[in-house]
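Chemist: Residue numbers (the numbering used here): 338 to 762.
Every residue, glycine too, gets a C-beta built ideally from N, C-alpha and C.
Just so you know, these numbers come straight off a predicted model, no measurement behind them.
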Ligand code: S3P
């Protein structure tokens, strides 16, 4: 993908549905009684992997142009798959479905692409095994392919070493099938879509600070889910509007759940012009329209409990930091190393190639901003968030940029390049 610097970006944009919420709508619909109707579902490769996994578990799912219909099988209606389940590139599919499979009285094999086969699964294998599931890493390396034999589970009180919504959600989903209460205590609060949505489907879920609890459940009930726009996708347009002189963008219908809105706080801390308009609720989630305009940014320190609320936005925050005056420090973010790529390394490689002063750290990075970035050849490392972050950097840089493997944006935002180009006047 070739990207040239652009003039001012102007106008309105509606980004696709939230990836985390889209995954969950299929999963929870599949184990509910009745039909779940999902609108604004994200038609990205990751969420399509979730659909295909549940189809292989015997669930009928209709993907029509305006909505998805999930014909739920109830809590105990999934059937043993004939084939291996393929989660593609999706960590959310792999980890959350493992929690559901832990409660099923059959054996499933679950795998994914080369990236998924390198991502750590011990973090779910350990708690789900403690609950009574039998989970084997087939290559004995703590990664997929996983062979999961579910069955009788017991509730646990689990203190997670990482703030991860995927780990928390896997345990809570297994907790639906367990005897007694299940609790997950996190070092910092991660996104809470599972807690909010499962409650909407009829589960007994409570949250207090960093602890989420769930009771076993006999039945969930299909719902209508209107998926809000994905703040992680909106982040690229927020950044483009802030960085490109003369720009003003209105990004409509964006989910602003407080466990996801760290990027908005960082933009404000960096001096960005951001207005939150028309706040409302959709599918039990807070939603708003976001207005940004070109701003002179200054550096910020990003650390501590805010990290889980912006973990997927760190690559684009690093791009903002490259254009901001002063030294931005990002720390407490070692989780970046185990995303779709090692994002400490891949952000450092890309920004260095464009002429930015960036030093990787074991748990983050230090960026001295303010140098004019130049176009470069950027390896996306097949990581959608790296490709989109550097597409935005390229729009604000001097000279042309090539993003290698840029088609990986299909994972979370198939129309990304067209939408970006459509705002340029
Ligand atoms: C997600 C949780 C996050 C995030 C991922 C989606 C989810 O991962 O990075 O893109 O939908 O639960 P972790 O839970 O591993 O932090």
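Can you determine whether any heavy atom of the ligand S3P sits closer than 7 Å to the C-beta of residue 676, and answer yes or no?
Modeler: To locate residue 676, count along the chain shown from 1; it is residue 339. Within the cutoff, so yes.
Chemist: If you measure between the beta carbons of residue 550 and residue 503, is that distance less than 8 Å?
Modeler: Working through the chain shown from its first residue, we reach residue 550 at position 213. Working through the chain shown from its first residue, we reach residue 503 at position 166. It is not a contact, given that the beta carbons lie outside the stated cut-off.
Chemist: Where does residue 515 sit, in a helix, a strand or coil, going by DSSP?
Modeler: Position 178 of the chain shown holds residue 515. Three-state DSSP puts residue 515 in a strand.
Chemist: Less than 7 Å separating the Cβ of residue 386 from some heavy atom of the ligand S3P?
Modeler: Along the chain shown, one-based indexing puts residue 386 at 49. No, the beta carbon of residue 386 sits no closer than 7 Å to any heavy atom of the ligand S3P.
Chemist: Just mark residue 633 as buried or exposed, buried being the case when its beta carbon has 16 or more other beta carbons within 10 Å.
Modeler: As a first step, residue 633 is located in the chain shown; it is residue number 296 there, counting from the start. So residue 633 counts as exposed.
Chemist: Quick check: the segment 375–386 against the segment 748–757, are there 3 or more CB pairs under 8 Å?
Modeler: yes
Chemist: For the 8 Å Cβ check, are there 3 or more pairs between the segment 391–403 and the segment 635–647?
Modeler: no
Chemist: Use the C-beta contact count for residue 413: other C-beta atoms within 10 angstroms, 16 or more gives buried, fewer gives exposed.
Modeler: Residue numbering aside, residue 413 sits at position 76 when the chain shown is read from its first letter. So residue 413 ends up on the exposed side.
Chemist: Can you confirm whether the segment 523–530 touches the segment 551–569 when touching is taken to mean that 3 or more C-beta pairs between the two stretches lie within less than 8 Å?
Modeler: Touching, no, given that fewer than three Cβ pairs across the two stretches are closer than 8 Å.
Chemist: Answer with buried or exposed for residue 512, where buried requires no fewer than 16 other C-beta atoms within 10 angstroms of its C-beta.
Modeler: Stepping through the chain shown from its first residue, residue 512 is reached at position 175. Per the 10 Å Cβ criterion, buried.
Chemist: Quick check: residue 348 and residue 614, are their CB atoms within less than 8 Å of each other?
Modeler: Start at 1 with the first residue of the chain shown, and residue 348 comes out as number 11. Start at 1 with the first residue of the chain shown, and residue 614 comes out as number 277. No.
Chemist: Please indicate yes or no: does the CB of residue 375 lie closer than 7 Å to some heavy atom of the ligand S3P?
Modeler: Locating residue 375 in the chain shown gives position 38, where the first residue counts as 1. Because no heavy atom of the ligand S3P lies under 7 Å away, the Cβ of residue 375 does not count as near it: no.
Chemist: How big is the Cα-Cα spacing for residue 602 and residue 652?
Modeler: Here residue 602 refers to the residue found at position 265 of the chain shown. Here residue 652 refers to the residue found at position 315 of the chain shown. Rounded to whole angstroms, residue 602 to residue 652 spans 16 Å at the Cα level.
Chemist: Secondary structure at residue 491, three-state DSSP: helix, strand or coil?
Modeler: Along the chain shown, one-based indexing puts residue 491 at 154. In this structure, residue 491 counts as strand in the three-state DSSP scheme.
Chemist: How many whole angstroms separate the CB atoms of residue 358 and residue 622, which I take to be in contact at a CB cut-off of 8 Å?
Modeler: Numbered from its first residue, the chain shown carries residue 358 at position 21. Numbered from its first residue, the chain shown carries residue 622 at position 285. About 7 Å; that satisfies the 8 Å criterion.
Chemist: Can you find the residues in the same chain that come closer than 6 Å, C-beta to C-beta, to residue 535, ignoring five residues on each side of it along the sequence?
Modeler: Locating residue 535 in the chain shown gives position 198, where the first residue counts as 1. Counting only Cβ-Cβ distances below 6 Å, and skipping sequence neighbours, we find 542.
Chemist: Following the continuous alpha helix (DSSP H) through residue 392, name the residue where it begins and the one where it ends.
Modeler: Taking the first residue of the chain shown as position 1, residue 392 is located at position 55. Run containing residue 392: 382–393, per the alpha helix (DSSP H) assignment.
Chemist: Short check: CB of residue 726 to CB of residue 741, under 8 Å?
Modeler: As a working note, residue 726 is residue 389 in the chain shown. As a working note, residue 741 is residue 404 in the chain shown. No. Outside cutoff.
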